[in-house]
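Trainee: Right, I'll just put the structure down here and ask away after.
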Amino acid sequence: MKPMKKVEVVIDSIYLSRVLEVLEKTGVSGYTVIRDALGKGERGIMAGDELTDVFKNSYVFTVCSEEIAQKIAESLRPLLKKVGGVCLISDVLWLTH
Amino acid sequence: MGLELLLQNILNPPVLMFFLGLGAVLLRTELEVPQPLPKLFSLYLLIAIGLHGGYELSKSGITLDVLKVLLLAMFMAVAVPIYAFFILRLKLDVYNAVAIAATYGSISAVTFITAGSFLNSLGESYGGYMVAAMTLMESPAIVIGLVLLMLFAKRNNNSAVNWGEVLREAFLNPSVYILMGTLLIGFLTGEKGWKAMDPLFGVLFKGMLAFFLLDMGIVAGRRIGDIKKVGLFLIAFGVFLPVFNALVGIFLAKSFGFVKGDAFMFSILCASASYIAVPAAMRLSVPEANPSLYVTMSLAITFPFNIAVGIPLYYFLINHLWG
């Protein structure tokens, strides 16, 4: 098993494509997206019941090296500051196969 | 306003379904419409209205009168967000004022469709080109909103608007795209095309509208709690601005010699507020604005007001003026 970093992002669905762009640019090899993420945050309840997706979050996670995780964090900070959202980075063990 | 007219509007299954949905939330039943379906219904309604409008347009052709309607529609789509902005600035910051002004400058297709259904129940009709007018009125408010933002907001450079992205959202958002596309298909295929589509998009229309409005009632009901957060000024704005816009629309329609049905649908377009295209665009371009203000206002205040009171009220005035 290999020590890696897990990056998790919860963001307004409207901005999902921006987050994915950041991931692509920083060179992650893959990621997982759960589109309909509901909940409550600093911008109120995200009930996901609108036709617009204005009140809906998406959840993205990826596993990468520490260096890439740093780059992702730096690139996402201005976006998160502007539009809200959450980015968590944690230590994980990756099962090599 | 005639009580009969009010009843004629309310006692219409789709409108009652809206209130059924609203009641479901207020009475805490667990009723809900499974989530992807409302999107299908809204797509269905847009396709139906586009195809039918295109077919009607193919019958009437594009005349000088039609162009006059389209130009006035564009004019209102530009004028409403500007004066709405300055009214809102009395109480709000620039960001929220821009977002709400854009919401009210654009239109609600479902209000338009519900009004069309009301008009049909009275045995009257409107020109198919009103659908083209509706399509034209969806986007300008978004652009005007952003121009107002540039003029009045003090922003630092790294939060500048990405114009490409926002213009794309304004003019190529799904509802504008599908309306323009189906309008064109309806126009090109004419009567033969409409006959082929009629079983799905004509005969079933009212039933689908009822289903969609049931969901709208549920969604609006869930937002009713947010009305408290919106505050008295914005609640009043959400009721009086549509009436004012409708009056301006009626005045213009009378001055430029619209026929009765067109004048009514035009006043509805002026009065309605967007809850699909504009919120999505505003979330992208004005993230500083609070969506629970502009979405709540358009969905939980203006939309129910228009379909319950606005529709018979504007019709009453027009009926009086046009005779």
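The listed protein sequences correspond, in order, to chains U and D. Take 3 as the starting number for the first sequence in the working numbering and just add one per residue. Take 69 as the starting number for the second sequence in the working numbering and just add one per residue. Backbone N, C-alpha and C fix where the C-beta goes; we use that ideal spot for every residue, glycine too. Note that this is a predicted model, so its numbers are computed, not measured.
Residues of chain U with a CB under 9 angstroms from the CB of Lys-274 of chain D: which are they?
Mentor: Residues of chain U passing the Cβ test: none, with the nearest at roughly 20 angstroms.
Trainee: Taking C-alpha atoms, which residue in D:Leu-361, D:Gly-285, D:Leu-281, D:Leu-272 lies nearest to Lys-296 of chain D?
Mentor: D:Leu-361
Trainee: Does the Cβ-Cβ distance between Gly-213 of chain D and Pro-267 of chain D come in under 7 angstroms?
Mentor: no
Trainee: So Lys-107 of chain D contacts chain U; which residues on that side make the cut at Cβ distance below 9 angstroms?
Mentor: Leu-53
Trainee: For the candidate residues D:Gly-173, D:Leu-256, D:Pro-355, whose alpha-carbon lies nearest to that of Met-142 of chain D?
Mentor: Selected option, being the one with the closest Cα: D:Gly-173.
Trainee: Pull out every residue of the segment 6-18 of chain U whose Cβ sits closer than 9 angstroms to any Cβ of chain D, in chain order.
Mentor: Asp-14, Ile-16, Tyr-17
Trainee: Taking Cβ-Cβ distances shorter than 8 angstroms, what residues in chain U pair up with Tyr-343 of chain D?
Mentor: Glu-52, Leu-53, Thr-54
Trainee: Which two residues bound the contiguous beta strand (DSSP E) that contains Val-12 of chain U?
Mentor: 4-14
Trainee: Can you list, in chain order, the residues of its chain with a C-beta nearer than 7 angstroms to that of Asp-38 of chain U? Leave out the 5 residues immediately preceding and following it.
Mentor: When the five nearest sequence neighbours on each side are left out, the beta carbons in the same chain lying within less than 7 angstroms of the beta carbon of Asp-38 of chain U are those of Gly-50, Lys-58, in order along the chain.
Trainee: Since Gly-29 of chain U is in the beta strand (DSSP E), which residue starts that stretch and which ends it?
Mentor: Note, Gly-29 of chain U: premise wrong, no beta strand (DSSP E); not H, not E.
Trainee: In the DSSP assignment, the beta strand (DSSP E) including Asn-59 of chain U goes from what residue to what residue?
Mentor: 59-66
Trainee: Please name the residue or residues paired with Trp-96 of chain U in a DSSP beta bridge.
Mentor: Per DSSP, U:Lys-4.
Trainee: How long is the line joining the alpha carbons of Ala-238 of chain D and His-99 of chain U, rounded to whole angstroms?
Mentor: 47 angstroms
Trainee: What residue range is occupied by the uninterrupted alpha helix (DSSP H) comprising Thr-182 of chain D?
Mentor: Residue range 177-189 is occupied by the alpha helix (DSSP H) that includes Thr-182 of chain D.
Trainee: What residues in the segment 351-385 of chain D have a beta carbon less than 7 angstroms from any beta carbon of chain U?
Mentor: Arg-351, Leu-352, Pro-355, Pro-359, Ser-360, Val-363
Trainee: Hey, is Phe-86 of chain D's beta-carbon within less than 7 angstroms of any beta-carbon in chain U?
Mentor: no
Trainee: In chain order, what residues of the segment 73-90 of chain U put their CB closer than 8 angstroms to some CB of chain D?
Mentor: Hits within the stretch, in order: Pro-80, Lys-84, Val-85, Gly-86.
Trainee: In the segment 282-307 of chain D, which residues sit with their C-beta less than 7 angstroms from some C-beta in chain U, listed in chain order?
Mentor: Val-287, Arg-290
Trainee: Step through the CB atoms of chain D and report whether any lies within less than 7 angstroms of the CB of Gly-46 of chain U.
Mentor: yes
Trainee: Less than 7 angstroms between CB atoms is the rule here; does Ala-349 of chain D satisfy it with respect to chain U?
Mentor: Chain U contact via Cβ: absent.
Trainee: Please name the residue in U:Trp-96, U:Leu-53, U:Ser-15 whose C-alpha comes closest to that of Glu-68 of chain U.
Mentor: U:Trp-96
Trainee: Quick one: is Ser-110 of chain D near chain U, going by C-beta distance under 7 angstroms?
Mentor: yes
Trainee: To which residues of the same chain is Val-24 of chain U closer than 8 angstroms at the C-beta, ignoring the five residues directly before and after it?
Mentor: Ile-74, Ser-77, Leu-78, Leu-81
Trainee: Below 8 angstroms on C-beta distance, what does Ala-49 of chain U contact in chain D?
Mentor: Arg-290
Trainee: Given that a residue counts as buried once 16 or more other Cβ atoms are within 10 Å of its Cβ, and exposed if not, what is Asn-230 of chain D?
Mentor: exposed
Trainee: Pull up the CB-CB distance for Ile-210 of chain D and Val-363 of chain D, whole angstroms please, since I reckon it's below 8 angstroms.
Mentor: At roughly 15 angstroms, the Cβ-Cβ gap does not stay under 8 angstroms, so Ile-210 of chain D and Val-363 of chain D are not in contact.
Trainee: Which complete alpha helix (DSSP H) runs does the segment 106-159 of chain D hold, if anything under 4 residues is left out?
Mentor: The segment 106-159 of chain D contains these whole alpha helix (DSSP H) runs: 132-156.
Trainee: How many angstroms separate the CA atom of Leu-302 of chain D from the CA atom of His-120 of chain D?
Mentor: 36 angstroms
Trainee: Put Ile-91 of chain U into one of helix, strand or coil per three-state DSSP.
Mentor: strand
Trainee: Touch check for the segment 329-337 of chain D and the segment 150-166 of chain D: three-plus C-beta pairs under 8 angstroms?
Mentor: no
Trainee: Which of the three DSSP states, helix, strand or coil, is assigned to Val-21 of chain U?
Mentor: helix
Trainee: What are the partner residues of Met-365 of chain D, as DSSP defines its beta bridges?
Mentor: In the DSSP secondary-structure assignment, Met-365 of chain D is not bridged to any residue.
Trainee: With burial defined as no fewer than 16 other Cβ atoms inside 10 Å of the residue's Cβ, what is the status of Gly-41 of chain U: buried or exposed?
Mentor: Exposed, because fewer than 16 other Cβ atoms sit within 10 Å of the Cβ of Gly-41 of chain U.
Trainee: Where DSSP assigns a beta bridge to Val-35 of chain U, which residues make up the other side?
Mentor: U:Val-62
Trainee: Quick check on this structure: which residue in D:Arg-96, D:Ala-200, D:Gly-184 has the alpha carbon closest to the alpha carbon of Gly-249 of chain D?
Mentor: D:Ala-200
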